[in-house]
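Colleague: If you read the sequence shown in our numbering, its first letter stands for residue 2, the second for the next number, and so on. Cβ atoms here follow ideal geometry from the backbone N, Cα and C, with glycine treated the same way. My questions will all concern the structure given below.
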Amino acid sequence: MENPMVLLETPEGEILIELYADKAPATVENFLKYVDDEFYDGTLFHRVIKGFMIQGGGLTFSMEEKETREAIANEATNGLKNVEGTVAVARTLDPHSGAAQFFINVADNADLDHTDETDENFGYCVFGEVIDGMDVAMKISKKKTKSYQGFDDVPVDPISIITARRFE
């Protein structure tokens with residue numbers, strides 16, 4: 002079976018992501034449910050850090066967090082590394098708190114990889130990779146940011162996910 006793909010349409014261009022269903026099956030299934038529900042449409046890349054990552058998939062233009070399904074188990078033990086171009090689950094300090102939000106690594110971020118079972122070192126689950134449009138992700142990562150409504154690293158000019166759809 003081929004890996005599913007998702008196309009993110011942004012004002013900066015399109016980002017095509019291949020999902021690793023064989024390496025992170027629960028995470029990919031969860032992400033695709035959100036895609037199929039059109040949950041990501043109109044959400045923002047609300048956290049953008051040059052040389053690190055761009056995070057999105059959970060906040061509206063008014064910086065309100067969208068209601069999500071239950072958090073999923075963290076599959077960061079799958080051996081995949083947080084290298085430039087990979088897509089991973091965003092979460093809180095609790096390793097098993099990821100739900101809808103995700104990030105695209107715009108650099109190699111080994112400090113986000115799973116190293117042991119402790120909360121501090123459990124890591125962030127990589128579940129896909131940008132196979133086209135990494136230039137778009139890089140362009141987004143270089144946008145001017147500010148602190149806004151209690152959030153840091155928010156793009157001054159909002160960058161939305163216009164649509165997120167399965168790509169056949």
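(1) Using a Cβ-Cβ cut-off of 7 Å (strictly less than) and excluding sequence neighbours within five positions of K143, which residues of its own chain qualify?
(2) What residue from M6, N75, I16 and A108 has the CA that sits closest to T119's CA?
(3) Of all the beta strand (DSSP E) runs that stay within the bounds of the region 56 to 95, which reach a length of 3 or more residues?
(4) Decide if P5 is buried, meaning its Cβ has at least 16 other Cβ atoms within 10 Å, or exposed.
(5) Let me check understanding here. Comparing Cα to Cα, which of F46, A77 and G99 lies closest to K145?
(6) Per DSSP, what are the beta-bridge partners of F103 in this structure?
(7) Taking the alpha carbon of D114 as the point to measure from, which residue in T78, A101 and V107 has its own alpha carbon closest?
(8) Quick one: grab the DSSP three-state call for A165.
(9) Starting from L113, follow its DSSP beta bridges and name the residues at the other end.
(10) Tell me, which residues are paired with V131 by DSSP?
(11) Identify the residues that DSSP records as bridge partners of V155: which are they?
(12) With the cut-off set at 9 Å, would you say E66 and A165 are in Cβ contact?
(13) Which residue or residues does DSSP assign as beta-bridge partners of M6?
(14) If you pair each beta-carbon of the region 96 to 112 with each one of the region 54 to 63, do three or more pairs fall below 8 Å?
(15) G129 and L8: beta carbons closer than 9 Å?
Modeller: For this structure:
(1) By one-based count along the sequence shown, residue 143 stands at place 142. For K143, where only same-chain residues beyond five positions count, the Cβ hits under 7 Å are K51.
(2) Here the question's residue 119 lines up with position 118 in the sequence shown. Residue N75 holds the alpha-carbon nearest to the alpha-carbon of T119 among M6, N75, I16 and A108.
(3) The qualifying runs are 87 to 90.
(4) Taking the sequence shown and counting its residues from 1, the one referred to as residue 5 is at position 4. With 16 or more other Cβ atoms within 10 Å, it is buried.
(5) Working through the sequence shown from its first residue, we reach residue 145 at position 144. Check the Cα spacing between K145 and each of F46, A77 and G99: the tightest is with F46.
(6) Within the sequence shown, the letter at position 102 stands for residue 103. Here F103 is bridged, per DSSP, to G57 and V90.
(7) By one-based count along the sequence shown, residue 114 stands at place 113. Just measuring C-alpha positions, the residue of T78, A101 and V107 sitting nearest D114 is T78.
(8) Counted from its first residue, the sequence shown places residue 165 at position 164. Three-state result, A165: strand.
(9) As a working note, residue 113 is residue 112 in the sequence shown. DSSP, once it has assigned bridges, lists no residue as partnering L113.
(10) Residue mapping note: residue 131 aligns to position 130 of the sequence shown, counting from 1. According to the DSSP secondary-structure assignment, V131 is paired through a beta bridge with I18.
(11) The residue labelled residue 155 in the question sits at position 154 within the sequence shown. Secondary-structure assignment with DSSP links V155 through a beta bridge to K147.
(12) Within the sequence shown, residue 66 is the residue found at index 65, counting from 1. Within the sequence shown, residue 165 is the residue found at index 164, counting from 1. Not closer than 9 Å, so no.
(13) On the sequence shown, position 5 is the one that residue 6 refers to. Residue pairing by DSSP places M6 opposite E19 in a beta bridge.
(14) These segments touch.
(15) The residue given as residue 129 occupies position 128 in the sequence shown. The residue given as residue 8 occupies position 7 in the sequence shown. No.
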